[in-house]
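Asks: Before I ask anything, let me first share the structure, which is written out below as structure tokens.
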Amino acid sequence: MTNERYGLLTMAAPSTVVSVVPTLNEENHIERCLRSLMEQTYSPQLHKIIVVDGGSDDATVNITLRLAKESEEKDGPVIIQLDNPQKYVPQARNIALEYCEDEDEFIFEMNAHAYVDANHIEKRIQDLLSIEEQQGKKIAGVGTRVEADERWSGFAGRWVEGAISSPLGHGGGQFAPFVGRQQHRVPAFVIHRREALIDVKGWGEEWQTNQDSDLSMRLLKSGWELWRSDVSRLKMAKRDSLFGFAKMMFRYGAWRGKCIWVHPKRANPLEFLPFIGLLIICGLALLYPLDNVWTYPIFSYIVALLLIGILQTFKFRSVSMVVGVPISLLVMHTSFTTGLVLGLLRLPVGRHDR
934 MTNERYGLLT MAAPSTVVSV VPTLNEENHI ERCLRSLMEQ TYSPQLHKII
984 VVDGGSDDAT VNITLRLAKE SEEKDGPVII QLDNPQKYVP QARNIALEYC
1034 EDEDEFIFEM NAHAYVDANH IEKRIQDLLS IEEQQGKKIA GVGTRVEADE
1084 RWSGFAGRWV EGAISSPLGH GGGQFAPFVG RQQHRVPAFV IHRREALIDV
1134 KGWGEEWQTN QDSDLSMRLL KSGWELWRSD VSRLKMAKRD SLFGFAKMMF
1184 RYGAWRGKCI WVHPKRANPL EFLPFIGLLI ICGLALLYPL DNVWTYPIFS
1234 YIVALLLIGI LQTFKFRSVS MVVGVPISLL VMHTSFTTGL VLGLLRLPVG
1284 RHDR
């Protein structure tokens, strides 16, 4: 840990923030995302937006350039369009990191499928500086709470959100519905200090998924702290089909398994529970082949899913949740666990699900 991290923390110089948005065929979402960044209460002279496109063949680039011109005409934040020949997210973020200037102090990792309230960056920077004053040193960054954008959710999308936000769906990880402010190993959609990113040489480009987990673990190993807080929220469009959700969860599981080989501390015991349950069922079936003991865990699991479905029905005020949430949880557990096992076995898996 460098001594500079313990220097006197002051508000003397305003902080420059760079919002980084990787894109690839995001014409349905990019305008809403960029407008939410253009309308920030944070000073536009201290905020720039870098869009790094991975070769979109739809209207994404044209929309970005149109909004860049509009923002310039309205004295809004500068919007810069860059190309990402390798198309994946970690490469896009590193391209933006390299493009940044010396005065750029913070980098906000954004998603083209997401949008934020107008005071998001202002609240995040205030929160980060407050944490640093409390800790007496600089921190790597602070993440936010993620919520679903219901405007883009059909029945399946709401089921997925109900599953992810349930006790059996989030495992206390990045997208858990947390409250308050606390240190966390892998916060979501972090505003990082550029200094911290440079310290660990940016994002690992070998990670097409789980690149944020890899980055966070390397930051922690280098002595930096990561935090998350709910002073503001980020809204994101979730998967709107169970098939797409299954592919996404398989991919997450596979790359999580690979990540655990590199960063064993990233392992979350809760993520192994479905696999452990399967082993218990198989063990009981082998030990008591003439008995029905092995069906007890299955029955208990089904009851738990149905109870969660009933609870989410009241929470979301939708009768369809009583069926949709259990189905979504089953899809999540089977897909993620299958990917996780393949990743831990170091078997080849697809790089993306699109």
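Using the working numbering, the first residue of the sequence shown is number 934, and each one after it goes up by one. Glycine included, C-beta positions come from ideal geometry on N, C-alpha and C.
(1) Classify N1143 as buried or exposed, calling it buried when 16 or more other Cβ atoms lie within 10 Å of its own Cβ.
(2) Looking at L1175: is its Cβ nearer than 9 Å to the Cβ of V1093?
(3) Decide if T997 is buried, meaning its Cβ has at least 16 other Cβ atoms within 10 Å, or exposed.
(4) Give me the DSSP bridge partner(s) of H962.
(5) Under the three-state reduction of DSSP, which class applies to F1249: helix, strand or coil?
(6) Answer with buried or exposed for C1033, where buried requires no fewer than 16 other C-beta atoms within 10 angstroms of its C-beta.
(7) Please identify the residue among I1131, L957, T974, V1079 whose C-alpha is closest to the C-alpha of F1122.
(8) Is the stretch 1089-1103 in contact with the stretch 1122-1134, if contact means three or more CB pairs nearer than 8 Å?
(9) Among E1055, C966, V1226, H1117, whose alpha-carbon lies nearest the alpha-carbon of H1046?
(10) Helix, strand or coil: which one does DSSP assign to V1226?
(11) For V1049, I'd like the list of residues in its chain whose CB is within less than 6 Å of its CB, leaving aside the five on either flank, ordered along the chain.
(12) Is the beta carbon of G1076 less than 9 Å from the beta carbon of S1162?
(13) Evaluate the contact criterion for the stretch 988-1004 versus the stretch 951-967: three or more CB pairs, one atom per stretch, below 8 Å.
(14) State buried or exposed for I1241, treating a residue as buried only when at least 16 other CB atoms are found within 10 Å of its CB.
(15) What residue range is occupied by the uninterrupted beta strand (DSSP E) comprising M1169?
(16) What did DSSP end up calling F1111 once you bin it into helix, strand or coil?
(17) Measure from the alpha carbon of L1262 to the alpha carbon of each residue in V1195, L1275, L1238, then state which is nearest.
(18) Give me the DSSP bridge partner(s) of K981.
(19) With Y1048 as the anchor, note down where its beta strand (DSSP E) starts and where it stops.
(20) If G1276 sits next to G1186, beta carbons under 8 Å apart, how far is it from one beta carbon to the other, in whole angstroms?
(21) For T943, count neighbouring C-beta atoms within 10 Å of its own C-beta (all shown protein chains included) and say buried if the count is 16 or more, exposed if not.
(22) Apply the 10 Å Cβ neighbour rule to N1027 and answer buried if 16 or more other Cβ atoms are within range, or exposed otherwise.
(23) Count the other CB atoms within 10 Å of the CB of Y1221; is the residue buried (16 or more) or exposed (fewer)?
(24) Per DSSP, E1042 is paired with what?
(25) According to DSSP, simplified to helix, strand and coil, what is H1266?
(26) Rounded to a whole number of angstroms, what is the C-alpha to C-alpha distance between I1231 and P1207?
(27) Suppose the cutoff is 8 Å on Cβ atoms and the five residues either side in sequence are ignored; what does the same chain contact list for V954 look like?
(28) Is the Cβ-Cβ distance between M1150 and R1189 less than 9 Å?
(29) Tell whether a beta-carbon distance below 9 Å holds between V950 and I1124.
(30) Taking DSSP's pairing of strands, which residues face T1077 in a bridge?
(31) Using a 10 Å radius around the Cβ and a threshold of 16 neighbouring Cβ atoms, would you call Q1067 buried or exposed?
(32) For Q973, which three-state DSSP category applies?
(33) Are there 16 or more other CB atoms within 10 angstroms of the CB of S948, so buried, or fewer, so exposed?
(34) Quick one: using the 10 Å Cβ neighbour count with 16 as the cut-off for buried, is N1225 buried or exposed?
(35) Assuming F1088 is part of the alpha helix (DSSP H), what are its boundary residues?
(36) Enumerate in chain order the residues of its own chain whose CB-to-CB distance from C1192 is below 7 Å, with the five nearest sequence positions on each side excluded.
Replies: A quick look at the data gives this:
(1) As a first step, residue 1143 is located in the sequence shown; it is residue number 210 there, counting from the start. Per the 10 Å Cβ criterion, buried.
(2) As a first step, residue 1175 must be located in the sequence shown, where it is residue number 242. As a first step, residue 1093 must be located in the sequence shown, where it is residue number 160. Closer than 9 Å, so yes.
(3) Reading the sequence shown from its first residue, position 64 is the one you call residue 997. Buried is the call here.
(4) Counted from its first residue, the sequence shown places residue 962 at position 29. Answer is none; H962 lacks a bridge partner.
(5) The sequence position of residue 1249 within the sequence shown is 316, counting from 1. Reduced to three states, the DSSP call for F1249 is helix.
(6) Position 100 of the sequence shown, counted from the start, is the residue given in the question as residue 1033. Per the 10 Å Cβ criterion, buried.
(7) Taking the first residue of the sequence shown as 1, we reach residue 1122 at position 189. Minimum Cα distance to F1122 is reached at V1079.
(8) Look at the beta carbons and you see the stretch 1089-1103 not touching the stretch 1122-1134: under three pairs across the two are nearer than 8 Å.
(9) The residue labelled residue 1046 in the question sits at position 113 within the sequence shown. The candidate whose alpha carbon is nearest that of H1046 is C966.
(10) Against the sequence shown, residue 1226 aligns to sequence position 293. Looking at V1226 - three-state DSSP - the assignment turns out to be coil, as it is neither helix nor strand.
(11) Your numbering for residue 1049 matches position 116 in the sequence shown. Within the same chain, V1049 has close Cβ partners S969, L1167.
(12) In the sequence shown, residue 1076 corresponds to position 143, counting from 1. In the sequence shown, residue 1162 corresponds to position 229, counting from 1. Cβ atoms of G1076 and S1162: closer than 9 Å.
(13) yes
(14) Here residue 1241 is taken as the residue at index 308 of the sequence shown, counted from 1. Buried, because 16 or more other Cβ atoms sit within 10 Å of the Cβ of I1241.
(15) Against the sequence shown, residue 1169 aligns to sequence position 236. From DSSP, the beta strand (DSSP E) with M1169 extends over 1159-1169.
(16) The residue labelled residue 1111 in the question sits at position 178 within the sequence shown. It is coil, neither helix nor strand.
(17) Along the sequence shown, read from residue 1 onward, the residue named residue 1262 stands at position 329. Answer by Cα proximity: L1238.
(18) Numbered from 1 along the sequence shown, position 48 holds the residue referred to as residue 981. Note: K981 sits in a beta bridge opposite V951, V1011.
(19) As a first step, residue 1048 is located in the sequence shown; it is residue number 115 there, counting from the start. Where Y1048 is concerned, the enclosing beta strand (DSSP E) stretches over 1047-1049.
(20) Position 343 of the sequence shown, counted from the start, is the residue given in the question as residue 1276. Position 253 of the sequence shown, counted from the start, is the residue given in the question as residue 1186. Right, the Cβ-Cβ distance comes to about 6 Å (below 8 Å), so this counts as a contact.
(21) Counting from one through the sequence shown, the residue named residue 943 turns up at place 10. Reliability of the predicted coordinates at T943 is poor, the pLDDT of 43 falling under 50, and the value obtained from them is presented with this limitation in mind. Flag for T943 reads exposed.
(22) By 1-based counting over the sequence shown, the position of residue 1027 is 94. The residue is buried, with at least 16 neighbouring Cβ atoms inside 10 Å.
(23) Taking the first residue of the sequence shown as position 1, residue 1221 is located at position 288. So Y1221 counts as exposed.
(24) Here residue 1042 refers to the residue found at position 109 of the sequence shown. Answer is V953.
(25) In the sequence shown, counting from the first residue as 1, residue 1266 sits at position 333. The answer is helix: DSSP assigns H1266 an H, G or I state.
(26) Here residue 1231 refers to the residue found at position 298 of the sequence shown. Here residue 1207 refers to the residue found at position 274 of the sequence shown. Those two C-alpha atoms are separated by around 11 Å.
(27) Here residue 954 refers to the residue found at position 21 when the sequence shown is read from its first residue. I963, C966, L967, L970, I982, I983, V984, V985, M1043, N1044, A1045.
(28) For this step, residue 1150 is matched to residue 217 along the sequence shown. For this step, residue 1189 is matched to residue 256 along the sequence shown. No; because the gap between Cβ atoms is not below 9 Å, this pair is not in contact.
(29) Your numbering for residue 950 matches position 17 in the sequence shown. Your numbering for residue 1124 matches position 191 in the sequence shown. Taking 9 Å as the Cβ cut-off, V950 and I1124 qualify as a contacting pair.
(30) In the sequence shown, the residue the question calls residue 1077 occupies position 144. T1077 is bridged by DSSP to A1121.
(31) For the purposes of this step, residue 1067 is identified with residue 134 of the sequence shown, where counting begins at 1. The residue in question, Q1067, is exposed, as its Cβ has fewer than 16 Cβ neighbours within 10 Å.
(32) Indexing the sequence shown from 1 puts residue 973 at position 40. It is coil, neither helix nor strand.
(33) Locating residue 948 in the sequence shown gives position 15, counting from the first residue. S948 should be labelled buried.
(34) Working through the sequence shown from its first residue, we reach residue 1225 at position 292. Exposed: under 16 other Cβ atoms inside 10 Å.
(35) Residue numbering aside, residue 1088 sits at position 155 when the sequence shown is read from its first letter. Element bounds for F1088: 1088-1097.
(36) Numbered from 1 along the sequence shown, position 259 holds the residue referred to as residue 1192. N1143, S1146, D1147, R1199, listed in sequence order.
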